[in-house]
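Following: one structure in structure tokens, then a few remarks.
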Amino acid sequence: MPIEVVLLFAWMLVIAFLAFIACTFEDLESDMGSQSNPNSQVQLAAQVGQVNRFFNKAISGEPLSNAMYCVTAGTIAWLLLRQFEPLVPGEEWKAAVLAIPIGVLAATMINMIFSATSHCGRTAAQKRFQQPIYLDVLYGHLVPIGAHAFMTTFCITCIAYIQSNIGTLSGNPALNHPFALPLLGFIWGITVGAIGSSTGDVHYGAEREFQDRPFGEGKRVVYHGKITRYAECGVRTQKDIAGFCLKFGAPCTGMTFGLIILFESWRSMVGMQLGGFLPALPAFTATGDMAAIFGIVLGLLIVAALMVGNLVFVKWVRKKYGPFVGV
Amino acid sequence: MTVTPAVIEEEEPTKKGLSFKFPPEETEMGLIAGIIGAVIVIFTGLPAVIKGVGLLLVLLWGMDSVRKTSKYGLGTGVPSIGVLGTGYGVVGALMGLAVAEYGRVGQLYPAVLVGVIVMGAIGLVSGIFANGEKFIAMKIPRLERAMMELGMAGTLAILLECSILTGSLSFAAVVNNVMNTGLIALLFIFNCFAMLHPYNACLGPDERRERTRMCAVEISGLICVLLGLAMIGLGTSPYGILDGVSMIVFGAIVWVVYFRMFIKACMDECYETVGTGIIKTLE
Chain A
1 MPIEVVLLFA
11 WMLVIAFLAF
21 IACTFEDLES
31 DMGSQSNPNS
41 QVQLAAQVGQ
51 VNRFFNKAIS
61 GEPLSNAMYC
71 VTAGTIAWLL
81 LRQFEPLVPG
91 EEWKAAVLAI
101 PIGVLAATMI
111 NMIFSATSHC
121 GRTAAQKRFQ
131 QPIYLDVLYG
141 HLVPIGAHAF
151 MTTFCITCIA
161 YIQSNIGTLS
171 GNPALNHPFA
181 LPLLGFIWGI
191 TVGAIGSSTG
201 DVHYGAEREF
211 QDRPFGEGKR
221 VVYHGKITRY
231 AECGVRTQKD
241 IAGFCLKFGA
251 PCTGMTFGLI
261 ILFESWRSMV
271 GMQLGGFLPA
281 LPAFTATGDM
291 AAIFGIVLGL
301 LIVAALMVGN
311 LVFVKWVRKK
321 YGPFVGV
Chain B
1001 MTVTPAVIEE
1011 EEPTKKGLSF
1021 KFPPEETEMG
1031 LIAGIIGAVI
1041 VIFTGLPAVI
1051 KGVGLLLVLL
1061 WGMDSVRKTS
1071 KYGLGTGVPS
1081 IGVLGTGYGV
1091 VGALMGLAVA
1101 EYGRVGQLYP
1111 AVLVGVIVMG
1121 AIGLVSGIFA
1131 NGEKFIAMKI
1141 PRLERAMMEL
1151 GMAGTLAILL
1161 ECSILTGSLS
1171 FAAVVNNVMN
1181 TGLIALLFIF
1191 NCFAMLHPYN
1201 ACLGPDERRE
1211 RTRMCAVEIS
1221 GLICVLLGLA
1231 MIGLGTSPYG
1241 ILDGVSMIVF
1251 GAIVWVVYFR
1261 MFIKACMDEC
1271 YETVGTGIIK
1281 TLE
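Structure, rendered in structure tokens:
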């Protein structure tokens, strides 16, 4: 196999690994600031009398906010790369080593600014429910939020950088992604936010809030605010939640995103390889169609395998733990 | 006009340095921002700071329209309204840019306003469809006007940002400097956030319009800083690097002043600001 193809597959694995890390930290960041995970509970808690010490990070939904951080990081990194790359001809990676962390740092600052405004604004808008602003909650959560967001944004910006230079990195510049770095950051930010928002929310629901009920269902909504009040020991803040979610929810989310990236890139790469599209891109002829067909067939096979696996797993779980009461 | 917050506004004694009442009414705000924004959009040869002031006004107007649209009790839907406004904006801006060459006089592009007007009409029609008895019949008060203003403000904001970045509004320049470089993603997402974040962040029964608007101005300052950086990177401004630097300084000053003002307003107006404390015990 030619070295370019091996390198392409290697970079694909790097991207999948970075995606795993990114989405793990994305989930933890949203737990740390209650963005998606228990946000509606935090929002309602004060209104039903459950005054709490939670950080109310209401920066829209996760997809949009992550797109914002990643676009900021991507734009600043791209602007710096434009300035730095001519300084180190032949060794462009040196420019990236400097530019990407600076861009991500700027994005993290913006994240912390938006977090502070949303926490203060939402708490001030709940004046009549006697919810105070606790300054230690505000200051004590901003740095953890920023740190987790730094990891997410850093991994996503790295993915976008690798992708927009994947051809150069593996020895065939024709394979570079046609999109610019900020645009790739936007797309990846939306994706990582969407997956982090939909997967791995183990904090509220069956796993924690209603542990005394079978499958965690059947309590009135007015009690949902209770999730914000007391932890196993003392008053609950989001630092407990991040620790709790780190054990299962966050790695699960990361695995979801990593697997999606892995399967998706793998099937297109293998399709291109089988269709004779690698290492040199031929002109778009019938070969291109064959590459697409191979890729789609492989994708369908992967989906079928996942569905069968899921079915078998759920059957095994039902048999082991009894029927689902909610049905 | 306003239902509950109006009462709160009168109760609140306006503390010194915390009131931000320019211009006081939603209609006046719309007229002032619309006219000034439209004039600044047409004159593309102006320095970036003046366009930045226009952008600030237009985004304030956009935030007001988002607030108007979502005020009847929209909770998690507020971000969608901001994104809808920016979506209108991108389509309208492309439309305006496509006809920009007609009637062009030097650096004056009066034809781009066609996009603004068309988007206002589309917003109005969609508002009528959403509210009308025969169609979806959502019966949200004043939705038609709010949707129309949303489309116009979004379009003006995107056009102003394109004009700041490229120094002109010719289609080729915008495609080369804004679309192909991927900066359109930056414009899109920050336009969204300037319109949706203030009301989303201040959502609640004790929301106050003046406080919400401070947040909008603060985000506009951040946008000006980012646009200044992008201008320096692109190097398209006819005034050289000074244009970008002045934009960054302007944005930073606006951000610092209004961020302080907003956080101070929140801390003064909330139930209580305490260093630390145990939560209230329920009986």
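Respectively, the protein sequence lines represent chains A and B.
Note that the working numbering gives residue 229 to position 229 of the first sequence, counting from 1, and the numbers run on in steps of one.
Positions in the second sequence are counted from 1; adding 1000 to them yields the working numbering.
From the three backbone atoms N, C-alpha and C, an ideal C-beta is built for every residue, glycine too.
Original post:
Do the region 57-72 of chain A and the region 23-35 of chain A make contact, defined as three or more Cβ pairs closer than 8 Å?
Top reply: yes
Subject >> Asn1200 of chain B: contacting residues in chain A (beta-carbon distance under 8 Å) >> reply: Ala58, Ile59, Ser60 and Ser118
**OP:** Give the interface partners of Tyr321 of chain A over in chain B, defined as CB-CB distance under 8 Å, in chain order.
**Re:** Think of a sphere of 8 Å around the beta carbon of Tyr321 of chain A: no beta carbon from chain B falls inside it, the nearest being about 33 Å out.
**OP:** Label Ser1070 of chain B either buried or exposed according to how many other C-beta atoms from any shown protein chain fall within 10 Å of its C-beta, with 16 as the threshold for buried.
**Re:** buried
Original post:
Using a beta-carbon distance below 8 Å, is Cys1270 of chain B in contact with chain A?
Top reply: yes
**OP:** Would you mind telling me which residues of chain A sit closer than 7 Å to Val1256 of chain B, beta carbon to beta carbon, in chain order?
**Re:** Here the premise fails: no neighbours, minimum Cβ distance about 11 Å.
**OP:** Give a yes or no on whether 8 Å exceeds the smallest Cβ distance from Ile76 of chain A to chain B.
**Re:** yes
**OP:** For Tyr321 of chain A, name the three-state secondary structure that DSSP assigns.
**Re:** Correct three-state label for Tyr321 of chain A: helix.
Original post:
Along chain A, in chain order, which residues have C-beta atoms closer than 7 Å to that of Asp1243 of chain B?
Top reply: The premise fails here: Asp1243 of chain B is roughly 16 Å from chain A at the closest Cβ pair, so nothing lies under 7 Å.
**OP:** Work out the CA separation of Asp240 of chain A and Gln47 of chain A for me, nearest whole Å.
**Re:** 23 Å
Original post:
What is the DSSP secondary structure of Leu1108 of chain B, reduced to helix, strand or coil?
Top reply: strand
**OP:** Measure the C-alpha to C-alpha separation of Val308 of chain A and Leu298 of chain A and round it to an integer number of angstroms.
**Re:** 15 Å
**OP:** Kindly list the residues whose CB is nearer than 7 Å to the CB of Thr1273 of chain B, restricted to its own chain and excluding five residues on each side of it in sequence; keep chain order.
**Re:** Met1267
Original post:
Helix, strand or coil: how does DSSP classify Phe54 of chain A here?
Top reply: coil
Subject >> Closest Cα partner of Ile145 of chain A within the set A:Met112, A:Val270 and A:Phe186 >> reply: A:Met112
**OP:** Rounded to whole angstroms, what's the CA-CA distance from Leu1227 of chain B to Cys70 of chain A? Just pull it up for me.
**Re:** 16 Å
**OP:** Spatial neighbours of Ile358 of chain A within its chain, please: CB distance less than 6 Å, with the 5 preceding and 5 following residues excluded, ordered by chain position.
**Re:** Since the first residue shown for chain A is 1 and the last is 327, residue 358 of chain A is missing from the structure and cannot be characterised.
**OP:** Taking only beta carbons into account, state which residues of the region 125-155 of chain A come closer than 9 Å to chain B, listed in chain order.
**Re:** Ala125, Gln126, Lys127, Arg128, Phe129, Gln130, Gln131, Pro132, Ile133, Tyr134, Leu135, Asp136 and Val137
Original post:
DSSP state of Phe1043 of chain B, grouped into three classes?
Top reply: Phe1043 of chain B falls in the strand class under three-state DSSP.
Original post:
If you compare alpha carbons, which of B:Glu1218, B:Cys1270, B:Met1214 and B:Gly1106 is closest to Ala1252 of chain B?
Top reply: When each option's Cα is compared against that of Ala1252 of chain B, the closest is B:Glu1218.
Original post:
chain A partners of Asn1180 of chain B, CB-CB under 8 Å?
Top reply: Around Asn1180 of chain B, the beta-carbon contacts reaching into chain A at under 8 Å are Ala180.
Original post:
Fully enclosed by the region 1070-1155 of chain B, which alpha helix (DSSP H) runs are 4 residues long or longer?
Top reply: 1078-1098 and 1113-1131
**OP:** Please check if any C-beta of chain B sits within less than 8 Å of the C-beta of Val104 of chain A.
**Re:** no
Original post:
Is the CB-CB distance between Gln238 of chain A and Ser36 of chain A below 8 Å?
Top reply: no
**OP:** Report the residue from A:Val202, A:Gln50, A:Ala160 and A:Phe263 whose alpha carbon sits nearest the alpha carbon of Lys247 of chain A.
**Re:** A:Val202
**OP:** May I ask you to verify whether the region 1098-1108 of chain B touches the region 1070-1090 of chain B, counting CB pairs closer than 8 Å and requiring at least 3?
**Re:** no
Original post:
Apart from the five residues on each side of it in sequence, which residues of its chain come closer than 6 Å, Cβ to Cβ, to Thr1155 of chain B?
Top reply: Gly1089, Gly1092, Ala1093, Gly1115, Val1116 and Met1119
Original post:
Would Pro1005 of chain B be called buried (16 or more neighbouring beta carbons within 10 Å of its own) or exposed?
Top reply: Reliability of the predicted coordinates at Pro1005 of chain B is poor, the pLDDT of 46 falling under 50, and the value obtained from them is presented with this limitation in mind. By the 10 Å Cβ count, Pro1005 of chain B comes out buried.
Subject >> Whole-angstrom distance between Gly189 of chain A and Cys245 of chain A, CA atom to CA atom >> reply: If I take the Cα positions, the gap works out to 21 Å.
**OP:** To the nearest angstrom, report how far apart Glu1026 of chain B and Ile166 of chain A are at their CA atoms.
**Re:** 50 Å
Original post:
Does the Cβ of Asn310 of chain A have 16 or more other Cβ atoms within 10 Å, making it buried, or fewer, making it exposed?
Top reply: Exposed, by the Cβ-count rule.
**OP:** Report the partner residues of Ile293 of chain A according to the DSSP bridge assignment.
**Re:** According to DSSP, which records beta bridges pairwise, Ile293 of chain A is partnered with nothing at all.
Subject >> Per-residue DSSP class, three states only, for Thr1281 of chain B >> reply: coil
Original post:
Under the DSSP definition of a beta bridge, which residues are partnered with Thr253 of chain A?
Top reply: Its beta-bridge partners do not exist; DSSP assigns none.
Original post:
At least one CB of chain A closer than 8 Å to the CB of Thr1276 of chain B: is that the case?
Top reply: yes
Original post:
If contact means a Cβ-Cβ distance below 8 Å, which residues of the region 1155-1175 of chain B contact chain A?
Top reply: none
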